[in-house]
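Chemist: Counting from 8, one number per residue, gives the positions in the sequence shown under my numbering. Backbone N, C-alpha and C fix where the C-beta goes; we use that ideal spot for every residue, glycine too. Got a structure for you, questions after.
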Amino acid sequence: MSDATFVPVTLESFRDILVEAGLEGTRIEEERGCVTFDYAGDNGPLRMSVIPGKVSPEEEPWFARFISYSLTFEPIKAGVPRGRLLDWLNEKNADVFFGRFYHDDKTDTVVFEVSMPCGGGVNSQDFIRLAQIALLFVDRIHKELKDLAPTDVDA
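Put into structure tokens, the structure is as follows:
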């Protein structure tokens with residue numbers, strides 16, 4: 008899929024695009040309705056899940072949701088005060104042209120989510136570009152997020 012191929016908005020198509028781009032560990036998670044892969048970022052391991060999106064159950068999927076997050080950093084458990092984390096999220100979201108950051112309280116994970124429209128099919132090149140941009144963005148931001156955690160200082 009090295010050219011601008013359009014493929015159906017399905018889990019299988021998403022997986023095939025990502026595998027062809029070199030992400031061999033890509034897997035379909037039927038129970039979660041997503042395609043997932045792990046990525047060794049410069050600032051820690053990341054995970055991305057891609058979900059075919061639709062507004063109502065009876066319509067066909069017409070967008071793709073890219074959700075990426077750190078596999079190892081849990082900000083609240085690392086000592087980042089909740090208020091400081093929320094302020095940081097608000098600052099980051101104000102700087103983002105597309106997508107959004109949020110904190111998942113259940114997993115203590117900061118997530119970046121972005122969507123792309125794909126009515127009529129997925130443009131494979133655009134799909135890969137958006138996945139790469141989201142991963143690089145989250146990897147870079149991951150370092151900033153870790154820096155919010157207090158460090159133990161020996162007196």
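Rounded to the nearest angstrom, what separates L142 and A47 at their Cα positions?
Modeler: Computed Cα separation, rounded: 10 Å.
Chemist: Can the beta-carbon of V154 be found closer than 8 Å to that of L53?
Modeler: The residue you asked about is not Val; residue 154 is Asp in the sequence shown. Contact flag unset, no.
Chemist: From F104 to V121, what distance separates their C-alpha atoms?
Modeler: Roughly 10 Å between the two C-alpha positions.
Chemist: For V165, which option in E37, D94, V42 has the closest C-alpha, if you only look at C-alpha atoms?
Modeler: The first residue shown for the chain is 8 and the last is 162, placing residue 165 beyond what the model contains.
Chemist: Could you check whether F44 and M55 sit closer than 8 Å to each other, using their CB atoms as the reference points?
Modeler: A contact, by the Cβ cut-off of 8 Å.
Chemist: Evaluate P170 with the Cβ neighbour count: other Cβ atoms within 10 Å of its Cβ, from every protein chain shown; 16 or more gives buried, anything less gives exposed.
Modeler: Residue coverage of the chain in this structure runs from 8 to 162, which leaves residue 170 outside it and unanswerable.
Chemist: If you draw a straight line from the C-alpha of C163 to the C-alpha of N100, how long is it?
Modeler: Because the chain here runs from 8 to 162, residue 163 falls outside it and cannot be looked at.
Chemist: Confirm, please, whether the CB-CB distance from V16 to C125 is below 8 Å.
Modeler: Yes, the Cβ-Cβ distance between C125 and V16 is below 8 Å.
Chemist: For S9, which residues of its own chain have a beta-carbon under 6 Å away from its beta-carbon, when the five flanking residues on both sides are left out?
Modeler: Low confidence applies here, because S9 scores a pLDDT of 49, under 50, leaving its location unreliable; read the following figure in that light. None.
Chemist: On a CA-only basis, which of G32, D112, R136, M123 is nearest I83? Give me that one, please.
Modeler: It is D112.
Chemist: Is it right to say G106 is buried, meaning 16 or more other beta carbons lie within 10 angstroms of its own, or is it exposed?
Modeler: Under this definition G106 is a buried residue.
Chemist: Could you give the first and the last residue of the continuous alpha helix (DSSP H) run that contains R107?
Modeler: Premise fails: R107 lies in the beta strand (DSSP E), 107-111, not in any alpha helix (DSSP H).
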